[in-house]
Structures are given as C-alpha cells and as structure tokens.
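Here the structure is laid out as structure tokens; the discussion comes afterwards.
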Amino acid sequence: MNGYFKSESGKVRAEPGSTRWVYNKFLRRQTKLRWVCGLCNVWCKDENGFKCHLEHENHIRKSEIARQSAAPEFKMSARDEAFAASFVQYLAQNYLNRTVLLHEIYREMYPDDKFQRLMHDTSWGSLGTFINALSKAGECEAYKGPKGWTVRIDQDMLLAAEAEREAREAREATEARLGAKTKSKEKKRVDTEDEEDDLEAGPAGGAAETEAAEEPTDMTNRVKVAFQLCAGPKKRPTSAETKDSERRKIVVEGAVWPKGLVVKVLCPDALEGQALGQKAVTLDSEDLGVHLRLLKLGENGQELQVFVKNELLETVLPKLGSRVLVLDGSGPMEGTLQSVETQSYSCTVQTEKGRIAGLPYDRVCKIWAPS
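All residue numbers in the sequence shown are consecutive under numbering that gives the first Met the number 0, ending with 370.
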C-alpha cells in the first residue's frame, strides 16, 4: 500500500522502515518531554495538542483506571526517604497553601542537577512517578496540566501525614511486642514438652531437677505481667526524657486533664491493644489517670470506655480556627488556634487575654465539639 498498511483495528499505519515511518520517528524526537503522555504513549507536537489530548475521552478513561488501581509499592532506601522528607519540608516552608509547578521546585532545590540525575537514582526514577506516589500517600495534591505537574500542600495535609506516621510507628511497636510475646509462648511450650520427655525417661532425681528448673519460668511470667500493665523495668532517664517529664508535669500537677478534651491514647495494653493510637474524650480524672470514651465505636456500635494513666496520653491539635484549651501553669485558658510552627513544634493561640505564641504542642489540646 505504498508504505502503509491496515492494522487490526482498521487504522492505516506506516510500514516499519518506510519514509513516513522514519519521519514519524523524527517528529517524536523533536517534541518536549512535557508534551508526552506516558500513560497513553502519545507524543504531542505542542502545548495545545497536549491540552487537547488530556481532554480526550480515551485519556480520561485510562486516567480513571490508573487512579482506581492499587498504588505500586516502592522499596525505598534511607536515601529515598530523606529525599522525600526534604522535598515535603521545602514545599511546606516556601509554598504552603499555594499551587506551583513541580519542575520549578526541583530546579530551586537542585539548581546544578539539570538532567535530574539525582531523581533518576531514586526508587521512583522520574518526577512524575515520585509526585504521583506522594499524592496517593496523601502528603500533597498533584495534577498534571499542559505545563507539567502542579503541586499543592496545606496545613491539614501536614497534620494528617504526621498523625499517620505516628499511627504507623505505634502499629509497628505493637506488632513487635506481639511477635515477641508469641515467640516467648512458643519457647515456653517447647521447654514444657522437653521437660515432659525428661520426666518420662528419667529417674526420680530428674523430676526434682525439673521442679527446681520451673522457678525461673514463673519469674519470667511475673515480669511479663508487669510489662503488660505498662510498668516496664526501671531505667535511668535520658536528658530528653527528663525535659519531656518536666513539660508534662505542668499538665499533671494542675487540673489533671479537664473534662471534654480530645486526647490520643499511647498505652499499648488498653482494651487489649485496640485503643493504641486512638483518639478519645476525657470524662473524669483521678490522681492516677483519666476515664476516657473512645471516639471510634466498637464492633457492635457500642461506646468503649477505658481508664489510662496520665503519662500515657497525648494532646491533639485541631484544624486552624478551632477551639483549644491552653494547659498552662497559671490555669487552663480557652482560645482559638491561629497557626502551627512545624519547625519549632509550637503553635500560636488567640485567647481573651491576648495572643500567645510559642506554645509547645503538649500545652495545647483540642476541645471536644460534637457534630
């Protein structure tokens, strides 16, 4: 057909090796990468053509399918995690609540890396794959337009990402504790089976030795029970732990967790681990702890209440403009959360007495407002 042929779909294509096929290859190499759609494998000549392709029904359908599919898992190294953390930090410091082009941010962060070799050495391989993974993780908003990827990040995303990171760390700690508990049970079972075998095969003296060997097992069980009650072995506190205890002392010695605050449970054994990392509302406080009502209902829809020690609770920050309680040494004061400084781990609250800046996170807590 003079250098052309019909494909299975009935469309006329240039035969490989023909003049038109070489010309098409040449045209593809002349365009810019920002006008190439990797999802559809379409190479557009200019910005207008790429904009028309983004509005085409085939591209929209493939985009919906890709968005609904599970996100690919990347085996991130410590270097990749540091790269992602530095990117989010730079974006939050310089472009909070603003929309900006992705390649402009990369050019500002790495002005000498013109060919993005640093990006190619990561597990993502390209800026598009990297920002798409961050967007699906909920750390930012990303959209690909005619001029490239646009990115936006706000305060709610930072707080949500921090809460998710804390929940993941708490979940990993719980899994490690349960794994250690399972291993100890398995070891105890094997030791018991070995002792029974010795009793069946050995004389009476062997039985006496077995009874004497059971005492350390009972000691191990007693230590394990103490650990489950959140009273682990005493150790010398570090300087950071001493400062943290001094900060929490103001909260504990004054009005001990007033009624109607939203707090976060840090006790790994409350409700058999179900309350770990959950948010709750304070009900009644005592000298040793607080009675809480979990915001998340149980399996049958019933309310769950639990008693937790004072030092195993953490304050919760709401959205900007919400009501908070300042837990200061001079007494609790109600106010409105104005801003959050992630670098210094402090916030600013507007009270009746005036504007208070530089308050640590553990001095400010969200007031429960039922919807």
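The C-beta atom is built at its ideal place from N, Cα and C for all residues, glycine as well.
Remember, predicted model here, so these are calculated numbers, not experimental data.
Are there 16 or more other CB atoms within 10 angstroms of the CB of residue i, so buried, or fewer, so exposed?
i    : result
F82  : buried
F129 : buried
K318 : exposed
Y344 : exposed
L296 : exposed
Q67  : exposed
V21  : exposed
C346 : buried
Y105 : buried
N299 : exposed
C266 : buried
Helix, strand or coil, according to DSSP, for residue i in the structure here?
i    : result
V21  : helix
M332 : strand
W42  : strand
L316 : coil
G297 : coil
A13  : strand
R33  : helix
G178 : helix
Q273 : coil
G353 : strand
A203 : With a pLDDT of 45 at A203, under the threshold of 50, the predicted position of this residue should be treated as unreliable, though the coordinate-derived value follows. Reduced to three states, the DSSP call for A203 is helix.
Q88  : helix
Q115 : coil
F306 : strand
T371 : Past the boundaries of the shown model lies residue 371; the chain is included only from 0 to 370, so the question cannot be answered.
D190 : helix
D268 : coil
Per DSSP, what are the beta-bridge partners of residue i in this structure?
i    : result
T281 : L291
E140 : R151
S345 : E340 and P359
I104 : I104 pairs with nothing; no bridge assigned.
T173 : T173 pairs with nothing; no bridge assigned.
Q365 : In the sequence as presented, Gln is not what sits at residue 365; that position holds Lys. In DSSP, K365 forms a bridge with V261 and V323.
T98  : R151
Give every residue of the same chain whose Cβ lies closer than 6 angstroms to the Cβ of residue i, excluding the five residues on either side of it in the sequence, and list them in chain order.
i    : result
S125 : none
L90  : I152
P272 : Just to set this straight, residue 272 is Gly in the shown sequence, not Pro. Answer for G272: T173, listed in chain order.
V87  : E138
K258 : T281
Only counting the same chain, and skipping five residues up and downstream in sequence, which positions put a Cβ closer than 8 angstroms to that of residue i?
i    : result
L117 : F82 and Y109
Leaving out five residues before and five after residue i in sequence, what residues of the same chain have Cβ atoms less than 7 angstroms from its Cβ?
i    : result
L157 : A91 and T341
V315 : V261, V262, K263, K278, C364 and K365
T98  : T149 and R151
Exercise. Would you check if the region 162–179 and the region 47–64 touch, i.e. whether three or more CB-CB distances between them fall below 8 angstroms?
Key: With the rule of 3 Cβ pairs closer than 8 angstroms, the region 47–64 does not count as touching the region 162–179.
Practice problem: Evaluate contact between the region 263–279 and the region 322–335, counting only Cβ atoms and requiring at least three cross-stretch pairs below 8 angstroms. | Solution: No, they do not touch.
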